[in-house]
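Residues 16 to 195 in our numbering are what the sequence shown lists, from first letter to last. Structure, as structure tokens:
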Amino acid sequence: KQREQDYQSLKGRKTLLAMGAPRYHSSEQPPKDCDRAIRAPNIDLETFNPQDYQRALKKLSGQLCNLPGAKKELAALKQQFPDATLYQEAEASEAKLQSLNEAKVLTDYEYLVFSTHGYLSPQTPALSALVLDQLDTTDKADGYVTAGEWPGYDLKSDLMVLSACQTGVGKVMRGEGVMG
Numbered sequence: 016k017q018r019e020q021d022y023q024s025l026k027g028r029k030t031l032l033a034m035g036a037p038r039y040h041s042s043e044q045p046p047k048d049c050d051r052a053i054r055a056p057n058i059d060l061e062t063f064n065p066q067d068y069q070r071a072l073k074k075l076s077g078q079l080c081n082l083p084g085a086k087k088e089l090a091a092l093k094q095q096f097p098d099a100t101l102y103q104e105a106e107a108s109e110a111k112l113q114s115l116n117e118a119k120v121l122t123d124y125e126y127l128v129f130s131t132h133g134y135l136s137p138q139t140p141a142l143s144a145l146v147l148d149q150l151d152t153t154d155k156a157d158g159y160v161t162a163g164e165w166p167g168y169d170l171k172s173d174l175m176v177l178s179a180c181q182t183g184v185g186k187v188m189r190g191e192g193v194m195g
């Protein structure tokens, strides 16, 4: 009931916020071991160590290609939704997403679209993530927005699209759909 009332009280919302085409490497030349799909490191939950996980993600980030198709996707969205707010390249960062959340801006949009790399952790679905900008990260904003972090975001969108490799892969969770 409360959620229904909250949504009914949303008036004058903007249509679309899209974030994508983040920077994964700085040069026009991609890394020689550049990969379009991230392979999850094996994580043993019995001996899970957050520092090991962070090191594994840093190693993976050096293997990512920039996504020219994501720029095209954002341009196509802008044509369909001329009033759309787009964040791309350096602005497609976890720090930017966090600041938008803190300012309660994310609640202003009917639709949210993320066009990025995706990271799937089959052993630990909560560690699966959207991979945002990797060139300007901090300890607080490492560029990986994990499934475990999303509940901390205040989202009131009607639809959220995750356009990334492997976003439809994972475990089917009863009552939740696909978790991954």
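Quick reminder that beta carbons are idealized off the backbone N, C-alpha and C, glycines included.
Q) With burial defined as no fewer than 16 other Cβ atoms inside 10 Å of the residue's Cβ, what is the status of Ser-136: buried or exposed? A) Position 121 of the sequence shown, counted from the start, is the residue given in the question as residue 136. It is buried - the Cβ of Ser-136 has at least 16 other Cβ atoms within 10 Å.
(Q) Using the three-state DSSP reduction, which class does Gly-84 fall into: helix, strand or coil? (A) Taking the first residue of the sequence shown as 1, we reach residue 84 at position 69. Gly-84 falls in the helix class under three-state DSSP.
Q: Compare the Cα-Cα distances from Glu-104 to each of Ser-143, Leu-112 and Pro-97 and report the closest residue.
A: Here residue 104 is taken as the residue at index 89 of the sequence shown, counted from 1. Of the listed residues, the one whose Cα sits closest to Glu-104 is Leu-112.
Q: May I ask you to list the residues that DSSP assigns as paired with Val-128?
A: Counting from one through the sequence shown, the residue named residue 128 turns up at place 113. Ala-33 and Val-176.
Q) Cβ of His-132 within 8 Å of Cβ of Leu-92? A) Your numbering for residue 132 matches position 117 in the sequence shown. Your numbering for residue 92 matches position 77 in the sequence shown. Not closer than 8 Å, so no.
Q) CB Tyr-124 to CB Tyr-159, shorter than 8 Å? A) Within the sequence shown, numbered from 1, the residue matching residue 124 stands at position 109. Within the sequence shown, numbered from 1, the residue matching residue 159 stands at position 144. The answer is no: Cβ separation not under 8 Å.
Q: Check Thr-152 in the structure and name its three-state DSSP category.
A: Counted from its first residue, the sequence shown places residue 152 at position 137. The answer is coil: DSSP assigns Thr-152 none of H, G, I, E or B.
Q | 8 Å contact criterion, which Tyr-126 and Ser-178 should meet: CB distance rounded | A | As a first step, residue 126 must be located in the sequence shown, where it is residue number 111. As a first step, residue 178 must be located in the sequence shown, where it is residue number 163. Rounded, the Cβ-Cβ distance is 12 Å, inconsistent with contact.
Q. Does DSSP put Leu-115 in a helix, a strand or coil?
A. Translated into positions along the sequence shown, residue 115 becomes position 100. Note: Leu-115 maps to helix in three-state DSSP.
Q) Hey, out of His-40, Gln-17, Asp-21 and Lys-16, whose CA is closest to Thr-152's CA? A) For the purposes of this step, residue 152 is taken as residue 137 along the sequence shown, with counting starting at 1. With distances taken between Cα atoms, Thr-152 lies closest to His-40.
Q. When the Cα atoms are used, what is the spatial distance from Met-175 to Phe-96?
A. Here the question's residue 175 lines up with position 160 in the sequence shown. Here the question's residue 96 lines up with position 81 in the sequence shown. The straight-line gap from Cα to Cα measures roughly 15 Å.
Q.
Between which two residues does the beta strand (DSSP E) holding Val-146 run?
A. Here residue 146 corresponds to residue number 131 of the sequence shown, with the count starting at 1. Run containing Val-146: 144–146, per the beta strand (DSSP E) assignment.
Q | Alpha-carbon spacing of Ala-141 relative to Trp-165, whole angstroms | A | Locating residue 141 in the sequence shown gives position 126, counting from the first residue. Locating residue 165 in the sequence shown gives position 150, counting from the first residue. Distance between the alpha carbons of Ala-141 and Trp-165 is about 10 Å.
(Q) Quick check on the DSSP output: the beta strand (DSSP E) that includes Gln-78 runs from which residue to which? (A) For the purposes of this step, residue 78 is identified with residue 63 of the sequence shown, where counting begins at 1. For Gln-78, there is no enclosing beta strand (DSSP E), as DSSP marks it with neither H nor E.
Q. Within 10 angstroms of its Cβ, does Gly-167 collect 16 or more other Cβ (buried), or is it exposed?
A. Residue mapping note: residue 167 aligns to position 152 of the sequence shown, counting from 1. The residue is exposed, with fewer than 16 neighbouring Cβ atoms inside 10 Å.
Q. Which two residues bound the contiguous beta strand (DSSP E) that contains Leu-101?
A. Here residue 101 refers to the residue found at position 86 when the sequence shown is read from its first residue. From DSSP, the beta strand (DSSP E) with Leu-101 extends over 100–103.
Q | Closest residue to Tyr-102 among Gln-78, Asp-148, Ser-143 and Ala-156 (Cα-Cα distance) | A | By one-based count along the sequence shown, residue 102 stands at place 87. The shortest Cα separation from Tyr-102 among Gln-78, Asp-148, Ser-143 and Ala-156 belongs to Asp-148.
Q.
Please state the DSSP three-state secondary structure of Met-194.
A. Your numbering for residue 194 matches position 179 in the sequence shown. Here Met-194 scores only 49 on pLDDT, less than 50, and its place in the model should not be relied on; the value that follows carries that caveat. Three-state result, Met-194: strand.
Q. Which same chain residues, not among the five before or five after Thr-161, have their C-beta less than 6 Å away from its C-beta?
A. Residue 161 sits at position 146 when you count from the first residue of the sequence shown. Only Leu-142 and Ala-144 meet the Cβ criterion.
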